[in-house]
Amino acid sequence: MIRATIQGGFAALLALSVVPATAQDNSAAQANNPLANATALNFQTLYTGELTGLDRDANQFYLRYAQPVSALGGKWLMRATVPVNTIPDPTGGQTTGLGDFNVFAAYLIDLGDPEVSFGIGPQLTMPTGDEDAGGSGKWSLGFANVLFDARSKVFQWGYLLTWQASVAGENDRANVSIGALQPFGFYQLGDGWYLRSAGVWTYDFETNGYAIPIGAGAGKVIKTGDAVVNVFLEPQYSIATRGDGQQQWNIYGGVNFQF
């Protein structure tokens, strides 16, 4: 199944390459903006080929939905994520199940330049996940901060910074205190094609474990009617890790829709 997902990503990427480019260049700069003023539906997968200290692989599928909203006298971007995790089990096999539901709402702050987006706001993780599939068993609160700089039509960059800590939940489960930084950059090649790097760096404040993956991938953006489709594939390798169960190397891919 994991190989089929990777092969499907390559096939979709090649299929889009034969579609004539009309409005791609106008849409490409904003297609990867997590704060874009558009409804987004994303189907993404992160295959980890090696977990440090375990010599095992894993996979996380993410269903993500983002929606601009107006509330409390300002503009917000709400993003919700439902993960499905496939992780090693003690018997040598794998377990697949629902992960913890996560949502954040970023308040959009006007920096005086419409090409620069900045947002910050609260984050909530709910213990919806199966324990055997990586569910934390904890309610966690924190924050999310996003920056996206699209002043250049050739190169866009930014980051997503999050932190959360457990505030309630099952007493016999480990406490949660996790930070993540996702620096990202996108280099436009024309006709909707682009190069990308968007690895998520994680740090566990409870165990002091961390992983710093660096990615180098490519994507294709195409505008079809009122929708923008963004297909990408990005291999990643961690230049530094600490602790067992960290991501040594990944293949990150997905299909994102903006409406």
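Mapping of the sequence shown onto mature numbering (1 follows the signal peptide of the UniProt record, and there is no 0): residues -23 to -1, 1 to 236, in sequence order. Ideal Cβ placement from N, Cα and C applies to all residues, glycine included.
For residue i, which residues of its own chain have a beta-carbon under 6 Å away from its beta-carbon, when the five flanking residues on both sides are left out?
i: GLN225; result: GLU27, THR29 and SER215
i: PRO45; result: ASN14 and LEU54
Expressed to the nearest angstrom, what Euclidean distance is found between the alpha-carbon atoms of residue i and residue j?
i: GLY111; j: GLY222; result: 12 Å
i: SER4; j: GLY231; result: 18 Å
i: GLN21; j: ASP90; result: 30 Å
i: PHE236; j: PHE163; result: 21 Å
i: ILE86; j: ASN10; result: 15 Å
i: ARG33; j: ASN122; result: 32 Å
i: THR58; j: PHE81; result: 9 Å
i: SER47; j: ASN79; result: 20 Å
Run through DSSP, which three-state label would residue i get?
i: GLN165; result: strand
i: PHE223; result: Phe is not the amino acid found at residue 223; the sequence shown has Gln there. Coil at GLN223, not helix or strand.
i: GLU92; result: coil
i: ASP109; result: helix
Label residue i either buried or exposed according to how many other C-beta atoms from any shown protein chain fall within 10 Å of its C-beta, with 16 as the threshold for buried.
i: THR218; result: buried
i: PRO190; result: buried
i: GLY194; result: buried
i: SER113; result: buried
So which of the options has the shortest CA-CA distance to residue i?
i: GLU183; options: GLY192, GLY220 and SER94; result: GLY220
i: SER143; options: LEU158, MET103, LYS130 and ARG173; result: MET103
i: ARG150; options: GLY119, ALA17 and LYS115; result: LYS115
i: TYR84; options: LEU23, LEU54 and GLY167; result: LEU54
i: ALA175; options: GLY196, ASN185 and GLY76; result: GLY196
Does residue i get closer than 8 Å to chain B when you measure Cβ to Cβ?
i: PRO11; result: This model lacks chain B altogether, as it is built from one protein chain only.
Closer than 8 Å by C-beta to residue i: which residues in its own chain qualify, once you throw out the five before and the five after it? Chain order, please.
i: ILE97; result: ALA83, TYR84, ILE86, PHE120, ALA121, ASN122 and VAL123
i: TYR187; result: TRP178, THR179, TYR180, ASP181, ALA217, THR218, ARG219, GLY220 and GLN223
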